[in-house]
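Numbered according to numbering that gives the first Met the number 0, the sequence shown terminates at residue 983, and the numbering increases by one at each position without gaps. Beta carbons are placed, not taken as given, at the ideal position from N, Cα and C, and that holds for glycine. As the structure is a computational prediction, the values presented were derived from the model and not from experiment.
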Amino acid sequence: MAAQRTQTLVLIGHGMVGHRLLEALAERGALADPAVPGGPGWQVTVLAEEDVPAYDRVHLSSVFTGTDPGRLGLSTPEFLSGHGIDLRLGDPAEQLDPAARTVTTTSGAVVPYDALVLATGSYPFVPPIPGADAPGCFTYRTLYDVDALTRYAEQARTGVVIGGGLLGLEAAGALRTLGLATHVVEFAPRLMPLQVDDGGAAALRATIESMGVAVHTGVGAAEVETDADGKACLLKLSNGERLPADVVVFSAGVRPRDRLAREAGLAVGDRGGVAVDERCRTTDPYVYAIGECAQTSDGRVYGLVAPGYQMAEAVADQLAGSGAAVFTGADTSTKLKLLGADVASFGDPFADGRDGGPRATEIVFSDGREGVYKKLLLGPEGQLLGGILVGDAEAYGSLKPHAGRRLPGPPEAFLLPAGAAGAEPPGADALPDDAVVCSCHNVTKGAVAGAIAEHGLTDVGGVKRCTKAGTGCGGCVNTLQAVLDAAGVEKSCGLCEHFPELTRPEIYALIHTEHIRSYTELMERYGSGGTRTGTGTGTGGNPTGTDTGTGTGVGGSPTGTGTGTDVGGSGTGAGTGTGGSPTGTGAGGNAGVGCTVCKPVVANVLGTLTPELGLRHVLDGEQAALQDSNDLFLANLQKDGTYSVVPRVPGGEITAEQLIVIGEVARDHGLYSKITGGQRIDLFGARKEELPAIWRRLIAAGLESGQAYGKSLRTVKSCVGSRFCRFGQGDSVQLAIDLELRYRGLRAPHKIKGGVSGCLRECAEARGKDIGVIATAGGWNLYVCGNGGTNPRHADLLASDLSAAELFALIDRFLMYYVRTGERLERTSAWLERLGGGTGHLREVLIEDSLGICAELEAQMDRHVAAYRDEWQAVLDDPAALARFEPHVAGVEFLEPGRGRAAVLADGTEAALFRDGDGEVYAVGNRDPFSGADVIANGIMGSRDGVPVVASPMHKQEFDLRTGACLDDPAVTLPVLPVPMARP
0 MAAQRTQTLV LIGHGMVGHR LLEALAERGA LADPAVPGGP GWQVTVLAEE DVPAYDRVHL
60 SSVFTGTDPG RLGLSTPEFL SGHGIDLRLG DPAEQLDPAA RTVTTTSGAV VPYDALVLAT
120 GSYPFVPPIP GADAPGCFTY RTLYDVDALT RYAEQARTGV VIGGGLLGLE AAGALRTLGL
180 ATHVVEFAPR LMPLQVDDGG AAALRATIES MGVAVHTGVG AAEVETDADG KACLLKLSNG
240 ERLPADVVVF SAGVRPRDRL AREAGLAVGD RGGVAVDERC RTTDPYVYAI GECAQTSDGR
300 VYGLVAPGYQ MAEAVADQLA GSGAAVFTGA DTSTKLKLLG ADVASFGDPF ADGRDGGPRA
360 TEIVFSDGRE GVYKKLLLGP EGQLLGGILV GDAEAYGSLK PHAGRRLPGP PEAFLLPAGA
420 AGAEPPGADA LPDDAVVCSC HNVTKGAVAG AIAEHGLTDV GGVKRCTKAG TGCGGCVNTL
480 QAVLDAAGVE KSCGLCEHFP ELTRPEIYAL IHTEHIRSYT ELMERYGSGG TRTGTGTGTG
540 GNPTGTDTGT GTGVGGSPTG TGTGTDVGGS GTGAGTGTGG SPTGTGAGGN AGVGCTVCKP
600 VVANVLGTLT PELGLRHVLD GEQAALQDSN DLFLANLQKD GTYSVVPRVP GGEITAEQLI
660 VIGEVARDHG LYSKITGGQR IDLFGARKEE LPAIWRRLIA AGLESGQAYG KSLRTVKSCV
720 GSRFCRFGQG DSVQLAIDLE LRYRGLRAPH KIKGGVSGCL RECAEARGKD IGVIATAGGW
780 NLYVCGNGGT NPRHADLLAS DLSAAELFAL IDRFLMYYVR TGERLERTSA WLERLGGGTG
840 HLREVLIEDS LGICAELEAQ MDRHVAAYRD EWQAVLDDPA ALARFEPHVA GVEFLEPGRG
900 RAAVLADGTE AALFRDGDGE VYAVGNRDPF SGADVIANGI MGSRDGVPVV ASPMHKQEFD
960 LRTGACLDDP AVTLPVLPVP MARP
């Protein structure tokens, strides 16, 4: 049906699927050129019900978290005008006349057509119960619905969602974000009955209920009861239970919007939906239907966007004249995050031999503690029929393309936790080229690989731009990265974009040997400083080696002139411009430059080298701006934005008086108390501003910071040993105390845990620790590099029958060697494997002194021990540090460069304020959209690809401080707020 002359196409509906049809026609060159009147192609008129152009309904819930609705837009004025598209907003079709080939709109306009496409979507089903139309009752499908619900919720306290499917759980997340106590009511016996089975639903329910959302399954809604003003106040359930409900959201399914077709005499399905053939053509050859309003040739109505896009492609082919594409069914695989829980299903997740299909063999992994459930279904020939993933959907991208095929490896490799034995699924090279990696846009692995080769793509962003893969639901992004890896695209070994050529050990060596005392100095000499710009040429590309080179760049080495010799050796440089640094010409400070990777790493290294560099405290001056939230407030951030406090109890030994003080502190501050596995008492629920007062009371009782917040020594656990145990061969309690007091406060690449057992019965579980000591008849055995967690590893024996002096000397060397050479966030177990040579290598270095550094390592540890100060007490002694614990900053003039503070604006809004090194101040909402906690001001300020950002301290999503956009999830934003004026 290609238009050889200008013909008129009427598109009824401008949603996601309707707009995709316009894009597909434009890609095929099938639209008339507005600059050539009467030329070939289709002149399109779009009749839209809403008063805004097409927008992304998949991410509609992000508007509740502050996303500007305009950012969800799919269309642009330039696209519409460039293709001569007549978009009529707010004037939907009222009547269709197939005989006359005209459409009449609600305004009375009569629009003729040569071809017509119905893309009217669906409408939400509202069960016919009393009170369903009362004020306070809502549906959830449009931007209008979101706006109305948001405004109404300002005066509400409780909300109930009727429906526990995909949209229902999204709506529950929205109510929770709006601050309402939330209930979900699902008539089926489990949540998401169309996507997950009983096991998956149980894991999902546990996760959702842990977030404070009440779930009611196997029960229906009977009546919305109203108050004296006629507003919703209670929801009566079919079992007689009544739930408080200021707001009721109906999300109990949708129905196809097929009225126009039905009244025009076109065929519709028995359960609704405009009947179409494999070319999406209705019983009138000039009328097509796509998306949720259509019942396709396989007898189904698809409620997902990906099948709708495929229908749009099929119709675009018909209208462009090729007619090659058809639609006979679609993959309904889906991956999404609901109320913080990953949920995915693919293939046929319920394959059980019904309807003559293959009988499935189930392979299940379940971890109730972590809320993880994974199931694969294999056919008689070993082919993957389908699967369900809840709580951990990391394998979705690897599994989905194999649906209908034999897996290239054992099923367990795809199900076991990362790092577990056997959990090594095959890479992207095991995927055939015809495997669809992006269902939303029907993009194959071969198409992605071809684009990588043709365009020289090096990252996922480039793949998205060239192929559209990953721009729909986003569930295939990890697979796209795997295809990049399989294509041999090399990743930088550097720490981050600000130090692209340096690893953590190299940064440690530079700071140590060149006596670099600040992040700014390190950035100016060796970083690519983000917003700082510089030019220069000369020798000295790599200051930690003997090679030379020339270069120009942005803000760091090799800009300027410099030379460097020997690993860790000194370098010299000269540069021109302000600042006098060898970074060439530049302006502006480094406050605000950096990121959530390099800033904490440098802070950690500076903390380790405090006595070497003559520094004082981890929160002194610029160091405060480098710290993650835990280290900034010397306490553990919890999911609600409060903190936990863990006083140090060396060896688990505590006096009755100290126990009483801990109890009194917990009682007076309303803290939840928990005895930990490390023989400590954890106090949960403290607000930031309460921490100093809590510390004062604990310190007065002889308790100090347990450093449970840092990448440092946490605890040294012990049994009672020879003091009380009849089997004890050594005083494990005293040794644990001595170890903990010696190594407290030592910053390391990752947390360190220790254990001391008084005999081989191992009651302290020392061999599950980074440092494990076990008493023997001949002294002490030292075990190293063990850990618990998701991939437990027994520690290896390093030395036997040591005296106490020998033991401490060897642990000194071990820890300092780890601190010097460990990578960022690398536990000792992973470090040992990376080093190569295992414990044999450690014995050579630490016992045989093959590198000649043992004395130096011991001396460095001695300096650390001598310089130790309790970090809590240091804050209490420092008024400037104490000021950071105030709940709100008094004004922008009190902001520290590169560090955020919360503030209350004139209208009562809580803002997160940030000031960069050039003095520019940014203001965004303080509420984290992902957790609902007011914590954004406590995040690290930095830059990403030149954009000023703040990283949420919860899960490190980064937000553009200029626009509020989340760089990790485009559907989420922070509100951008007015910057308050400085006081005169």
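Go to residue i, then tell me how far its alpha helix (DSSP H) extends in each direction, as first and last residue.
i	result
Ile451	Lys444 to His454
Lys598	Cys597 to Thr607
Met15	Met15 to Glu26
His863	Cys853 to Ala866
Asp196	It is not in any alpha helix (DSSP H) - Asp196 carries neither H nor E in the DSSP assignment.
Taking the beta strand (DSSP E) that residue i falls in, what are its first and last residues?
i	result
Phe345	Ala340 to Gly346
Cys232	Ala231 to Leu236
Pro243	Arg241 to Pro243
Tyr287	Val286 to Ala288
Met980	Unbroken run through Met980: none, as it is neither H nor E.
Phe893	Note, Phe893: premise wrong, no beta strand (DSSP E); not H, not E.
Phe683	Ile680 to Ala685
Gly349	Gly is not the amino acid found at residue 349; the sequence shown has Phe there. Phe349 -> no beta strand (DSSP E), and no H or E assigned at all.
Thr333	Thr333 to Leu337
Cys437	Val435 to Cys437
Ile387	Leu383 to Val389
My understanding is that residue i touches residue j, with C-beta atoms under 8 Å, so please give their C-beta distance in whole angstroms.
i	j	result
Gln733	Thr775	The Cβ separation is near 16 Å, so there is no contact.
Leu203	Val212	Actually they do not touch by this definition, with Cβ atoms about 11 Å apart.
Trp824	Pro748	The question names Trp, but residue 824 in the sequence shown is Leu. About 7 Å; that satisfies the 8 Å criterion.
Tyr287	Leu88	Not confirmed; about 22 Å, so no contact.
Leu797	Ser704	Incorrect: roughly 29 Å between the Cβ atoms, too far for contact.
Lys399	Ser332	5 Å
Glu93	Thr101	Between Thr101 and Glu93 the Cβ distance is about 11 Å, and since that is not below 8 Å, they are no contact.
Among the candidates the options, whose CA atom is the shortest distance from the CA of residue i?
i	options	result
Glu939	Glu380, Glu919, Ala911 and Leu806	Here residue 939 turns out to be Ile, not Glu, going by the sequence shown. It is Ala911.
Glu153	Gly320, Leu179 and Val304	Leu179
Pro504	Ile935, Glu26, Gly821 and Pro969	Gly821
Leu759	Lys752, Pro129, Ser799 and Gly787	Ser799
Ala31	Leu190, Asp67 and Gly81	Gly81
Leu805	Gly787, Glu703, Ala293 and Asn780	It should be pointed out that residue 805 corresponds to Glu in this sequence rather than to Leu. With distances taken between Cα atoms, Glu805 lies closest to Asn780.
Lys336	Val286, Gly298 and Glu393	Glu393
Pro91	Ala231, Ser250, Leu259 and Val246	Leu259
Glu208	Pro192, Ala221, Val184 and Glu222	Val184
Thr714	Leu614, Ala763 and Gly487	Ala763
Leu625	Gln637, Leu605 and Leu636	Leu605
Gly924	Val978, Gly897, Tyr816 and Leu745	Val978
Ala108	Val9, Leu142, Pro123 and Ser643	Val9
Asp639	Asp297, Phe929 and Leu233	Phe929
His954	Ala932, Asp944, Ala970 and Asp96	Ala932
Glu240	Gln956, Gly593 and His215	His215
Asp113	Tyr285, Glu77 and Ala147	Tyr285
Val660	Leu697, Leu236, Cys597 and Arg812	Leu697
Any beta-carbon of chain C closer than 8 Å to the one on residue i?
i	result
Ala53	This model lacks chain C altogether, as it is built from one protein chain only.
Completely contained alpha helix (DSSP H) runs for the stretch 54-83, where each covers 4 or more residues
76-81
Can you list the beta strand (DSSP E) stretches of 3 or more residues lying completely in the stretch 754-832, in chain order?
770-775, 778-783 and 795-801
List, from N- to C-terminal side, the alpha helix (DSSP H) runs of 4 residues or more that fit wholly inside the stretch 100-180.
142-152 and 165-176
Inspect the CB distances between the stretch 649-665 and the stretch 913-925 and report whether three or more fall short of 8 Å.
no
Should the stretch 314-334 be called in touch with the stretch 371-378, which here means at least 3 C-beta pairs below 8 Å?
no
Inter-stretch contact at 8 Å, needing at least 3 Cβ pairs: the stretch 257-274 / the stretch 127-146
The stretch 257-274 vs the stretch 127-146: no contact.
Between the stretch 607-623 and the stretch 869-878, do three or more beta carbon pairs fall short of 8 Å?
yes
What are the start and end residues of each continuous alpha helix (DSSP H) run of 4 or more residues lying completely inside the stretch 288-321, in chain order?
304-319
Three or more beta-carbon pairs under 8 Å between the stretch 857-868 and the stretch 892-904, yes or no?
no
Let me know the beta strand (DSSP E) ranges lying completely inside the stretch 653-741, each 3 residues or longer, listed in chain order.
671-674, 680-685 and 712-717
Are there three or more Cβ pairs, one per stretch, closer than 8 Å when the stretch 244-260 is compared with the stretch 55-72?
Result no; under three Cβ-Cβ pairs closer than 8 Å.
Say whether the stretch 39-57 touches the stretch 340-350, bearing in mind that this needs 3 or more beta-carbon pairs closer than 8 Å, one atom from each stretch.
no
The stretch 37-50 / the stretch 155-162 touching (three or more Cβ pairs under 8 Å):
no
Between the stretch 688-708 and the stretch 657-676, can you find at least three pairs of beta-carbon atoms closer than 8 Å?
yes
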